[in-house]
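Visitor: Numbering (the numbering used here), first residue to last: 964 to 1445.
C-beta: ideal position from N, C-alpha, C; glycine also.
Values in this document were obtained by computation on a predicted structure and should not be read as measured data.
1. Under the assumption that residue 1017 contacts residue 994 (Cβ atoms under 8 Å), give the Cβ distance between them as a whole number of angstroms.
2. If we call anything under 9 Å between Cβ atoms a contact, is residue 1065 one with residue 1200?
3. Taking the alpha-carbon of residue 1006 as reference, which of 1403, 1382, 1347 and 1176 has the nearest alpha-carbon?
4. Please report how far the alpha carbon of residue 1238 lies from the alpha carbon of residue 1166, in whole angstroms.
5. Of all the beta strand (DSSP E) runs that stay within the bounds of the stretch 1121-1208, which reach a length of 3 or more residues?
6. Based on the DSSP secondary-structure assignment, which residues constitute the bridge partners of residue 1418?
7. Please report how far the alpha carbon of residue 1104 lies from the alpha carbon of residue 1123, in whole angstroms.
8. Just checking, does the stretch 1211-1225 make contact with the stretch 1106-1114 on the three C-beta pairs under 8 Å criterion?
9. Let me make sure I understand the geometry here. Which of 1383, 1194 and 1346 has the alpha-carbon closest to that of residue 1067?
10. Let me know if residue 1414 comes out buried or exposed under the rule of 16 or more other beta-carbons within 10 Å of its beta-carbon.
11. How should residue 1351 be labelled, buried or exposed, when 16 other C-beta atoms within 10 angstroms of its C-beta is the threshold for buried?
12. Pair every Cβ in the stretch 1339-1350 with every Cβ in the stretch 1261-1274, then say whether three or more of these pairs are closer than 8 Å.
13. Using DSSP with H/G/I as helix, E/B as strand and the rest coil, what is residue 1282?
14. Could you compute how far the alpha carbon of residue 1336 sits from the alpha carbon of residue 1321?
15. When the Cα atoms are used, what is the spatial distance from residue 1146 to residue 1226?
16. Excluding five sequence neighbours on each side, which residues of the same chain lie with their C-beta closer than 6 Å to the C-beta of residue 1305?
17. Beta-carbon separation of residue 1260 and residue 1029 under 9 Å?
18. Could you check if residue 1183 is buried or exposed, using at least 16 other CB atoms within 10 Å of its CB as the buried criterion?
19. Quick one: complete alpha helix (DSSP H) runs, 4+ long, within the stretch 1243-1312?
20. Considering Cα atoms alone, identify which of 1132, 1163 and 1402 is closest to residue 1375.
21. What separation, rounded to the nearest whole angstrom, lies between the Cα atoms of residue 1119 and residue 1316?
22. Quick one: is residue 1060 buried, meaning 16 or more other Cβ sit within 10 Å of its Cβ, or exposed?
23. Distance check for residue 1354 and residue 1280, CA to CA, integer angstroms please.
24. Can you tell me whether residue 1107 is helix, strand or coil according to DSSP?
25. Determine the closest residue to residue 1399 out of 1416, 1408 and 1390, with distance taken between C-alpha atoms.
26. Checking the sheet assignment: what are the DSSP bridge partners for residue 1323?
27. How big is the Cα-Cα spacing for residue 1053 and residue 1032?
28. Taking only runs that begin and end inside the stretch 1074-1101, name each unbroken beta strand (DSSP E) of 3 or more residues, in chain order.
29. Please identify the residue among 1359, 1254 and 1012 whose C-alpha is closest to the C-alpha of residue 1424.
30. Let me confirm a value: residue 991 is counted as buried when at least 16 other C-beta atoms fall within 10 Å, else exposed. Which label applies?
31. Output yes or no for whether 9 Å exceeds the beta carbon distance between residue 1310 and residue 1295.
32. For residue 1357, which of 1036, 1287 and 1331 has the nearest alpha-carbon?
33. Residues bridged to residue 1340 by DSSP?
34. Just reading off the alpha helix (DSSP H) that residue 1223 is part of, what are its end residues?
35. Under 8 Å Cβ to Cβ from residue 1307, same chain only, skipping five residues before and after it: list those, please.
36. Between 1422, 1318, 1080 and 1040, which lies nearest to residue 1282 when the distance is taken from Cα to Cα?
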């Protein structure tokens, strides 16, 4: 069996008045991190995750599988992380490498230690190393972990490990994972070579190289055309065993930064395929002449297409709505619904790419605040979006009456309500509930009538009109002279 070595360097323990006549400065109220050690995590700002947290800190249905050595699940920054621990070989004994890579991604925002880059996603921690402080594992054990992670619903797999030799069994597991929509991220290696380690060398894997705080390629980072993206891997503060905080160097530290950032991307749009994620990375800005991009989480999120989208003005003043766009990403397995709500009451189901009217349950909807809610699902993930609008109904409530013939009246109403017709003596001769429109009423058109419309919508006033029969003038005889 081919050996795979840990890609990391040695760990170092961390020693324990305003002028009113002038305009004032206003700032965005973004997400504030209160972790006491976050100022020592230079990489958080360098890769733009501090800005990205205002958009998302991860969705609970996104699962990162960390295939590594055992993370210290009792560390105060990992203790309450939603996670499952698995050991592919030997006991699950806390190890510094797995704890450090886990902390970069999963460290809770609990005002205790550091700030993990994707604290709100779920984690599956897999131990694939032979024991505490072991530097090696084998590719078949890693392949078993990959297969298990896929079977248990992993969204992204992080492999901060690698070796010199190609192994068909592990490669097959990774290809199978990608075919099922799972993204695989791996560190490029720490040998300072112009060749990435396996499995980062696979086309199906996102290979991650390391840079330092000055954006320079780390001297130890393996680099070739397989490396699509680089992230900080020098002097990286994260977690150590027994509630310690340690600095480490290595592409092992860079890979989980990319994994965490892609978990935030998938939190916004979980339907992106591995190929679409590859395309997203390829669109990121690159320095002149470089074949790779630097990780920038905020730019990734800004470039991520939302799976469901509503475009609408904030105010509608027309009963016929034509300027609202409801759209869903073009994936054959996605099902979507759009609904119009008034408060908590659903009043209409809307169809994408079609205009609609503010007519529901037999009446024009009243002025007020409404909300469009969209949902999309593939059976595994659900995502929602909504927009709130103010609707102004310019239609006045009215009723009119005219004679059709000697025995029939035609009534016309603009709103749904109860129509009452009183004869000339004030007695009810007709009463019924009607939707807007025209309808006939039988009666003597030579008599005076009073017609009343009481709208169903209690916010509309009762309106009344009268019918006066036409005055019939008698013919005056014509006298002829002789």
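Guide: Looking at the atomic coordinates:
1. Within the chain shown, numbered from 1, the residue matching residue 1017 stands at position 54. Within the chain shown, numbered from 1, the residue matching residue 994 stands at position 31. Correct: roughly 5 Å between the Cβ atoms.
2. Within the chain shown, numbered from 1, the residue matching residue 1065 stands at position 102. Within the chain shown, numbered from 1, the residue matching residue 1200 stands at position 237. Contact flag unset, no.
3. Position 43 of the chain shown, counted from the start, is the residue given in the question as residue 1006. That would be 1176, whose Cα lies nearest to the Cα of residue 1006.
4. Locating residue 1238 in the chain shown gives position 275, where the first residue counts as 1. Locating residue 1166 in the chain shown gives position 203, where the first residue counts as 1. Near 11 Å, if we compare the C-alpha coordinates of residue 1166 and residue 1238.
5. 1146-1150, 1169-1174, 1190-1195 and 1199-1203
6. Your numbering for residue 1418 matches position 455 in the chain shown. For residue 1418, which the question treats as bridged, DSSP gives the partners 1380.
7. Taking the chain shown and counting its residues from 1, the one referred to as residue 1104 is at position 141. Taking the chain shown and counting its residues from 1, the one referred to as residue 1123 is at position 160. Those two C-alpha atoms are separated by around 14 Å.
8. no
9. The sequence position of residue 1067 within the chain shown is 104, counting from 1. Per the Cα distances, 1194.
10. To locate residue 1414, count along the chain shown from 1; it is residue 451. Buried, because 16 or more other Cβ atoms sit within 10 Å of the Cβ of residue 1414.
11. For the purposes of this step, residue 1351 is taken as residue 388 along the chain shown, with counting starting at 1. Residue 1351 is exposed by the Cβ-count criterion.
12. yes
13. Counted from its first residue, the chain shown places residue 1282 at position 319. Coil at residue 1282, not helix or strand.
14. Mapped onto the chain shown, residue 1336 falls at position 373. Mapped onto the chain shown, residue 1321 falls at position 358. C-alpha separation (whole angstroms): 16 Å.
15. Taking the first residue of the chain shown as position 1, residue 1146 is located at position 183. Taking the first residue of the chain shown as position 1, residue 1226 is located at position 263. Their backbone Cα atoms lie some 10 Å apart in a straight line.
16. Against the chain shown, residue 1305 aligns to sequence position 342. Beyond the five residues adjoining it in sequence on each side, residue 1305 comes within less than 6 Å, by CB distance, of 1333 in the same chain, given in chain order.
17. Within the chain shown, numbered from 1, the residue matching residue 1260 stands at position 297. Within the chain shown, numbered from 1, the residue matching residue 1029 stands at position 66. Result no, Cβ atoms of residue 1260 and residue 1029 do not sit closer than 9 Å.
18. Looking up residue 1183 in the chain shown gives position 220. Buried, because 16 or more other Cβ atoms sit within 10 Å of the Cβ of residue 1183.
19. 1260-1266
20. Within the chain shown, numbered from 1, the residue matching residue 1375 stands at position 412. Comparing Cα-Cα distances from residue 1375 to each of 1132, 1163 and 1402, the minimum goes to 1402.
21. Along the chain shown, read from residue 1 onward, the residue named residue 1119 stands at position 156. Along the chain shown, read from residue 1 onward, the residue named residue 1316 stands at position 353. Their Cα atoms are separated by approximately 33 Å.
22. Numbered from its first residue, the chain shown carries residue 1060 at position 97. With 16 or more other Cβ atoms within 10 Å, it is buried.
23. The residue labelled residue 1280 in the question sits at position 317 within the chain shown. The residue labelled residue 1354 in the question sits at position 391 within the chain shown. Looking at the two C-alpha atoms, the distance is approximately 6 Å.
24. Here the question's residue 1107 lines up with position 144 in the chain shown. DSSP places residue 1107 in helix when its eight states are reduced to three.
25. Residue numbering aside, residue 1399 sits at position 436 when the chain shown is read from its first letter. From the listed residues 1416, 1408 and 1390, the smallest Cα separation to residue 1399 is found for 1416.
26. Taking the chain shown and counting its residues from 1, one reaches residue 1323 at position 360. DSSP, once it has assigned bridges, lists 1326 as partnering residue 1323.
27. Locating residue 1053 in the chain shown gives position 90, where the first residue counts as 1. Locating residue 1032 in the chain shown gives position 69, where the first residue counts as 1. Approximately 11 Å between the Cα atoms of the pair.
28. Listed in chain order, the complete beta strand (DSSP E) runs (minimum 3 residues) inside the stretch 1074-1101 are 1085-1090 and 1099-1101.
29. Along the chain shown, one-based indexing puts residue 1424 at 461. Selected option, being the one with the closest Cα: 1359.
30. Counting from 1 along the chain shown, the entry for residue 991 is found at position 28. With a pLDDT of 48 at residue 991, under the threshold of 50, the predicted position of this residue should be treated as unreliable, though the coordinate-derived value follows. It counts as exposed.
31. Here residue 1310 refers to the residue found at position 347 when the chain shown is read from its first residue. Here residue 1295 refers to the residue found at position 332 when the chain shown is read from its first residue. Cβ distance not < 9 Å, so residue 1310 and residue 1295 don't count as in contact.
32. Residue numbering aside, residue 1357 sits at position 394 when the chain shown is read from its first letter. Nearest of 1036, 1287 and 1331 to residue 1357, Cα basis: 1331.
33. Against the chain shown, residue 1340 aligns to sequence position 377. Answer is 1298 and 1345.
34. Mapped onto the chain shown, residue 1223 falls at position 260. Residue 1223 -> alpha helix (DSSP H) spans 1214-1231.
35. Counting from one through the chain shown, the residue named residue 1307 turns up at place 344. Closer than 8 Å at Cβ, skipping near neighbours: no residue.
36. Taking the first residue of the chain shown as 1, we reach residue 1282 at position 319. Of the listed residues, the one whose Cα sits closest to residue 1282 is 1318.
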